[in-house]
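Asks:
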Amino acid sequence: MNKKYNALLTLGVIFAMVFSLMWPGNIAMAQENTEGNLYDYNENYYDSYEEAEAASDELVSQYSDNVISDSGESVEASDYISFANIKTAGAFLRKEMVARKSVVYFTYKNPEGFDVKSAYYSIRDEAFKHTGVYNEGDYLMWNWGGTDVQYKTNGDGSITYKLSIKYLSSAYQEKQIDAEVSRLLNNEFAGWQNMHDYQKVRMVYAWMTSNYQYVEGSNNHSTYSAIINHRTVCQGFATSMYRLLGEMGLSVRVIANDVHGWNIVQLGRYWYSLDATWDVGYEEPEWLFFLLEEEIFTYFDHYRSPEYDNDNFHKEHPMAGETYDYSTHKNDINIDYRTHVQTYGWQGFKYDGAISGTTGEGKRLEGIEIRLQNIGSYDLGVEYRTHIQKYGWETNWKKNGQMSGTSGEAKRLEAIQIRLTGADADKFDVWYRVHAQTYGWLGWAKNGQEAGTAGQAKRLESIQVLVLPKGQNPGGVIGYSYVDYGLNSNSQDATKGLVNYKTHVQSYGWQGYVYDGSISGTSGKSKRLEGINISLGNTGYEGGIRYTTHVQSIGWQGDKDKPETWFKDGQMAGTSGKAKRLEGIRIQLYGEVANHYDVYYRVHAQSYGWLDWAKNGADAGTAGLSKRLEAIQIVLIPKGGQAPGSTSRPFVSK
């Protein structure tokens with residue numbers, strides 16, 4: 001009897017030693033004997049863990065099995081991290097899942113005395129908790145497929161977990177999403193920082209409904225399928241809306257039932273429902289599921305799953321009792337526009353300051369359509385015309401969605417004018433700026449002013465348009481919106497712009513007047529400037545402009561430190577008929593106008609090319625180097641406004 005007992009005891013000790021060596025190296029065998037395994041999967045997508053596993057493996061082929069510790073170092077699976085509460089354990093799991101770790105180990109000390117399943121689900125729910133970081137929370141949960149949960153209960157009541165996790169996107173794909181989100185914010189959605197929340201929601205909704213396609217299939221459930229491929233189902237619509245609006249600073253959630261997913265977004269105190277999936281392919285004002293009250297949404301089969309339909313959730317997300325009231329933006333007129341781009345054709349409509357066109361791709365704009373939206377009771381319209389390669393300015397203005405420019409002729413747009421019409425046009429300003437070849441983004445023009453270039457064969461590449469209440473401005477550079485080339489100007493109008501100027505050029509004599517940042521002189525012809533006239537147009541303020549030049553063999557004309565001795569208001573500075581080059585210049589406003597504007601100017605100098613911008617009487621050009629000035633630009637900017645470009649090196653001296 002004792003021999004049999006001792007033999008059994010010895011076998012038991014050996015079995016215990018073998019079991020301890022097996023954990024965690026061969027968990028599957030240990031679990032087979034201890035039943036230490038459970039399967040968790042995303043029930044929004046799948047009916048079983050096996051289905052989730054197969055779908056995730058199809059989407060994502062490779063993961064790293066490294067575990068990242070709290071110190072950020074790579075550790076072996078045997079170096080468990082222990083947690084004493086659900087919050088810290090959930091935060092750890094969240095961090096690992098954001099990094100798309102496929103295997104995660106940790107020990108939960110379990111002070112609550114939870115059973116294995118309750119502890120795991122509490123930690124998992126904490127990991128998926130909405131944090132306000134928009135690659136976590138709903139985004140993380142909806143891009144998770146399932147988890148094979150292997151566990152071991154310990155003698156002290158703690159539980160050690162090994163989680164084998166399946167995702168709908170890999171770490172590499174998440175980097176692609178991050179890059180694309182950044183690109184969208186800086187291109188299609190450029191200017192979002194200056195928009196109010198309603199404009200942001202409207203802009204993203206319009207982009208999504210015009211660019212996404214609803215395409216079923218297990219490969220199309222993820223945010224990746226939406227943001228990268230633009231082919232997705234409702235989950236892709238909802239999670240990309242969550243990501244994009246969240247990155248813009250809005251509070252947004254994903255809501256679901258057993259067959260569908262959509263969003264709610266907070267505007268002011270209350271939350272509103274929106275479903276881009278059901279509006280895909282439609283343009284405003286045909287949207288039916290944009291910022292609706294909850295009762296209407298529920299009527300159209302948008303009933304909620306219990307986790308989104310309980311007292312706590314409703315307390316945290318109070319829903320509006322009526323559809324969003326657009327009249328709260330009665331002073332905000334929306335303007336929509338789209339451009340025909342070389343190679344790409346017509347883009348989708350952009351809204352309220354977003355970029356239409358391309359940057360950095362060398363693609364010309366060939367046509368544009370512009371229209372107003374949500375004008376309410378205002379008597380308003382919009383009209384516009386473009387300067388087209390070989391054709392020049394269009395004779396007739398286009399209006400309210402008509403096409404300006406060409407299609408199928410490969411002709412570049414070089415400049416544009418936009419203005420409001422109607423009895424209420426004087427209550428608003430329409431602002432616009434263009435990205436022009438060589439120059440990049442020019443400053444903002446408004447109310448019919450030219451934006452772009454002339455006489456230089458430069459293409460427009462993109463445009464932003466915005467309507468604001470009278471007196472408001474969009475920020476950034478105001479003015480310096482149009483760059484003409486004086487060599488081709490015959491104008492004798494010294495009043496057309498805020499600041500008007502002409503130069504006397506070697507071999508050519510006097511050029512015509514240009515204004516507000518246009519080029520007077522030449523470039524690439526090695527011709528010296530010999531004289532200049534500068535005057536102000538209608539600035540609305542008393543005062544004028546004065547200036548002095550540094551002339552070859554003469555030096556500064558007048559006392560350079562006593563502006564009252566300078567030339568002013570259209571007088572000629574420099575020389576004529578003496579073959580003397582200009583080498584430097586100072587320009588300054590005087591009188592009341594000087595309190596409202598800064599004058600900026602820059603010169604093209606022999607050997608140096610374009611120097612940087614000087615302002616308000618500072619030196620521009622060269623001294624002691626015998627270098628001729630060849631061209632000049634002058635512009636007035638509202639006092640204290642952003643400079644038209646770099647100001648670091650406007651003057652070079654020996």
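Residue numbers 1 to 654, in the numbering used here, belong to the letters of the sequence shown in order. Positions of the beta carbon are idealized from the N, C-alpha and C atoms, including for glycine.
Buried or exposed: L245, going by 16 or more other Cβ atoms within 10 Å of its Cβ?
Replies: buried
Asks: Under the rule that 16 or more other beta-carbon atoms within 10 Å means buried, what is R202, buried or exposed?
Replies: When all chains shown are included, R202 counts as buried.
Asks: Sort out for me which residues DSSP pairs Q694 with in a bridge.
Replies: Here the chain has residues from 1 to 654 only, and residue 694 is not among them.
Asks: Exposed or buried, V18, counting other C-beta atoms within 10 Å across all chains shown (16 or more means buried)?
Replies: At V18 the pLDDT is 40, less than 50, meaning the model places this residue with poor confidence; the figure from the coordinates comes in the next sentence. Under this definition V18 is an exposed residue.
Asks: S653 to D619, Cα distance in whole Å?
Replies: C-alpha separation (whole angstroms): 10 Å.
Asks: What is the DSSP secondary structure of F83, counted as helix, strand or coil?
Replies: strand
Asks: Going by beta carbon distance, what residues of the same chain come within less than 7 Å of V104, once the five residues before and after it are set aside?
Replies: Closer than 7 Å at the Cβ level, and outside the excluded window around V104, lie V67, L93, E96, L163 and I165.
Asks: Mapping the DSSP letters down to three states, classify S523 as helix, strand or coil.
Replies: coil
Asks: Give every residue of the same chain whose Cβ lies closer than 6 Å to the Cβ of S407, excluding the five residues on either side of it in the sequence, and list them in chain order.
Replies: Counting only Cβ-Cβ distances below 6 Å, and skipping sequence neighbours, we find H340 and G367.
Asks: Within the same chain, show all residues whose beta-carbon is closer than 7 Å to that of S648, passing over the 5 residues directly before and after it, in chain order.
Replies: D612
Asks: Would G512 and S491 qualify as a contact pair, given that the criterion is a beta-carbon distance under 8 Å?
Replies: yes
Asks: Starting from I554 and walking both ways along the beta strand (DSSP E), at which residues does that stretch end?
Replies: Counting along the chain, I554 falls outside any beta strand (DSSP E), and DSSP gives it neither H nor E.
Asks: Among L372, G360 and V254, which residue has its Cα nearest to the Cα of P285?
Replies: L372
Asks: Does the separation of the CB atoms of G399 and D426 fall below 8 Å?
Replies: Correcting the residue identity first, residue 399 is Lys in this sequence and not Gly. Annotated as distal: K399 and D426, with beta-carbon spacing of 8 Å or more.
Asks: Spatial neighbours of D309 within its chain, please: C-beta separation below 8 Å, excluding the five flanking residues on both sides.
Replies: Y303
Asks: Select from E630, T575, G497 and Y120 the residue whose C-alpha is nearest the C-alpha of V603.
Replies: E630
Asks: Could you tell me the distance, in whole angstroms, from the CA atom of P650 to the CA atom of G584?
Replies: 10 Å
Asks: With DSSP run on the structure shown, which of helix, strand or coil describes I227?
Replies: helix
Asks: As a quick exercise: from A410, K390 and S377, pick the residue whose alpha carbon is nearest that of G345.
Replies: Cα-wise, what sits closest to G345 is A410.
Asks: Let me know if G577 comes out buried or exposed under the rule of 16 or more other beta-carbons within 10 Å of its beta-carbon.
Replies: exposed
Asks: Does the stretch 102-117 come into contact with the stretch 133-145, if we say contact requires no fewer than three beta-carbon pairs (one atom in each stretch) closer than 8 Å?
Replies: no
Asks: DSSP three-state label for K470, please.
Replies: coil
Asks: Whole angstroms is fine: what's the gap from P638's alpha carbon to L529's?
Replies: 28 Å
Asks: Of all the options D301, Y224, K568 and G157, which has the alpha carbon lying nearest to the alpha carbon of A256?
Replies: D301
Asks: Take I418 and list the residues in its own chain whose beta-carbon comes closer than 6 Å to its own, dropping the five residues that flank it on each side.
Replies: Taken in chain order, the residues that qualify are Y384, V430 and Y432.
Asks: Going by DSSP in three states, T598 sits in which element: helix, strand or coil?
Replies: The displayed chain sequence assigns Asp, not Thr, to residue 598. It is a strand residue.
Asks: Given a threshold of 16 other Cβ atoms within 10 Å of its Cβ, counted over all protein chains shown, does Y299 qualify as buried or as exposed?
Replies: With fewer than 16 other CB atoms across the displayed protein chains lying within 10 angstroms of its CB, Y299 is exposed.
Asks: According to the Cβ coordinates, are G537 and L589 closer than 8 Å?
Replies: no
Asks: I need the DSSP call for N662, collapsed to helix, strand or coil.
Replies: With the chain running from 1 to 654 in the structure shown, residue 662 is simply not present.
Asks: Let me check understanding here. Comparing Cα to Cα, which of V593, A594, K615 and I554 lies closest to Y600?
Replies: K615
Asks: Would DSSP call Q199 helix, strand or coil?
Replies: helix
Asks: Measuring alpha carbon to alpha carbon, tell me which residue in I534, Y212 and Y224 is nearest W278.
Replies: Y212
Asks: Closer than 7 Å by C-beta to H221: which residues in its own chain qualify, once you throw out the five before and the five after it? Chain order, please.
Replies: Y45, L168, V233, Q235 and G236
Asks: If I follow the unbroken beta strand (DSSP E) through G476, where does it start and stop?
Replies: G476 -> no beta strand (DSSP E), and no H or E assigned at all.
Asks: Contact defined as beta carbons within less than 8 Å: I believe T223 pairs with R243. What is the distance between those atoms, to the nearest angstrom?
Replies: 6 Å
Asks: Pick helix, strand or coil for T88, following the three-state DSSP scheme.
Replies: Three-state DSSP puts T88 in a helix.
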